[in-house]
Every structure is written in structure tokens, then in C-alpha cells.
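Accompanying notes for the structure given below.
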Amino acid sequence: MTTQISVETLSPITHNQIPVITTELLAQLYGTEPVRIRQNHHENKVRFVEGKHFFKVVGNDLKELRVALNYSQNLISPKTRSLILWTERGAARHAKMLETDQAWDVFEKLEDCYFSQCEKNTDNQEKKPNGLSAKEADSLVWLWDYANRSQALFRELYPALKLIQSGYSGICHDYGYEFSYIIGRARGVLINHMRDIDINEPDGPTNLLAWERLKNKELPPSLHRY
Numbered sequence: 001m002t003t004q005i006s007v008e009t010l011s012p013i014t015h016n017q018i019p020v021i022t023t024e025l026l027a028q029l030y031g032t033e034p035v036r037i038r039q040n041h042h043e044n045k046v047r048f049v050e051g052k053h054f055f056k057v058v059g060n061d062l063k064e065l066r067v068a069l070n071y072s073q074n075l076i077s078p079k080t081r082s083l084i085l086w087t088e089r090g091a092a093r094h095a096k097m098l099e100t101d102q103a104w105d106v107f108e109k110l111e112d113c114y115f116s117q118c119e120k121n122t123d124n125q126e127k128k129p130n131g132l133s134a135k136e137a138d139s140l141v142w143l144w145d146y147a148n149r150s151q152a153l154f155r156e157l158y159p160a161l162k163l164i165q166s167g168y169s170g171i172c173h174d175y176g177y178e179f180s181y182i183i184g185r186a187r188g189v190l191i192n193h194m195r196d197i198d199i200n201e202p203d204g205p206t207n208l209l210a211w212e213r214l215k216n217k218e219l220p221p222s223l224h225r226y
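The opening position of the sequence shown corresponds to residue 1 in the UniProt record's numbering, with each subsequent residue numbered one higher.
Listed below in C-alpha cells is the structure:
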């Protein structure tokens, strides 16, 4: 009998300190078969970059991973000679290729509950003096805020561009879904720096709402006012 899994019950897997997921787990969560994931990868090799969308684990790295996952739901067969581990950007590519409601819904949960482990790890890192003034930090917060809302806008635009078969739909998808990891890492770093900043400094925050959005990982009330 196949054990039912959900994003919320996944045991975390990391490679090079980056959250990743196996082909089998991704297929089960997306409601498809592992062979479909492999076929999509094989037929679109030029769109998958090793180190960005996936990692290929072999040799001693595979042995160590097999031992580490021995008591989890991510068991690796002794016959396996290599293993593909998908990053957040790779999982986004596969959701796009499957183009099902289940795949997109699950990817959003993976984005929020699984791949966001990178932000938690950043929060737990040793704090070091940052040397940033309130004004400098304010500029970076603004940059994060615009990146976060731009990503959301690309996500809103993608279905419409795909519907009219626009040549920009592919890049719109990539900008909307493949940079969450970087935006999340940036948020974690900025939150660490914000702890040591006096917002009452001269030339401090020019828009505290942007700082609040960073803290709460929120978007503005309406994306259509920009």
C-alpha cells in the first residue's frame, strides 16, 4: 500500500545547504508518475541547468545521502547509481510543464513550507556586525519590496500571456516562479540586519510599510496600483 504524503509531512532533504526534492516525491505530490518527470527532463534538457534546477548525486555523496535518509520516507534503492535532486527552480519548471491545478497548488505549498527552509537557516546563522546605516538598509528593503511585488505581478501575467500564446510567457513564468529562493534568502539576510538598525536615525526608513512587508513577507494591498 502506498503511503500518502503531503508537503507538510515531508522530511527535509538538503544538498549543498539547499532544500531539494527527489523525482519520486515530486511526482507523487504533483499527481503524476516519476517516468513523466524524467521524460519532461529528457525532452527539455536545454531548459534544465545542473546546479540551478537540479543536482545529480553520485558516488560517495550518494552513499552518504542513502545513509542519511535511511529512516525517512525518502529511501534510496541500493541499486540506484545516480540520483537527481530538484531545487525550487526545477520544481517550478516541472509544474509549468505539467500545467495542472494540482501541480501549481502543490508547488505553492512547497514554496511556502519546504523550500523556505533556506530562510530559517539564515535566521539561525551567527549574527555579525553589519556596518549598514539605516539609509543603506532602507535602500535594500525597497529593492526587496520591488522584487517581491514584481514576482507576484509576473505570476499574475503568466496565465494571460500563455493563453494568447505570447512569446514572453516563458520568461514571465521564470521571473514569477524561479527566483523565490533568492528573494527568500535576501529577506532572511535583511531581517538579520534590521535587528541592529535604529529606525529613528537621520535618513532612516522612508517608508516603514515596506519594512513591515519585509518582516511579515507580505505584498501591498493591491498589486495594480504600481
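Backbone N, C-alpha and C fix where the C-beta goes; we use that ideal spot for every residue, glycine too. Keep in mind it's a predicted model, so treat the numbers as computed, not measured.
Bounds of the beta strand (DSSP E) holding S82 are S82 to W86. By the Cβ rule, the segment 50-69 counts as touching the segment 82-102, because three or more pairs are nearer than 8 Å.
Between the alpha carbons of S116 and L110 lies a distance of about 8 Å. E178 and R47 do not touch by the CB rule: their CB atoms are close to 11 Å apart, not below 8 Å.
DSSP places T14 outside any alpha helix (DSSP H); the residue lies instead in the beta strand (DSSP E), whose first and last residues are I13 to H15. Taking 8 Å as the upper bound for CB-CB distance, T206 and D138 are in contact here, some 6 Å apart. Between the alpha carbons of Y168 and L161 lies a gap of roughly 7 Å.
Of the candidates P159, G188, I13 and E43, the residue whose Cα lies closest to the Cα of A68 is I13. Within the DSSP bridge table, the entry for F115 names no partner.
In the three-state DSSP reduction, P19 falls in the strand class (E or B).
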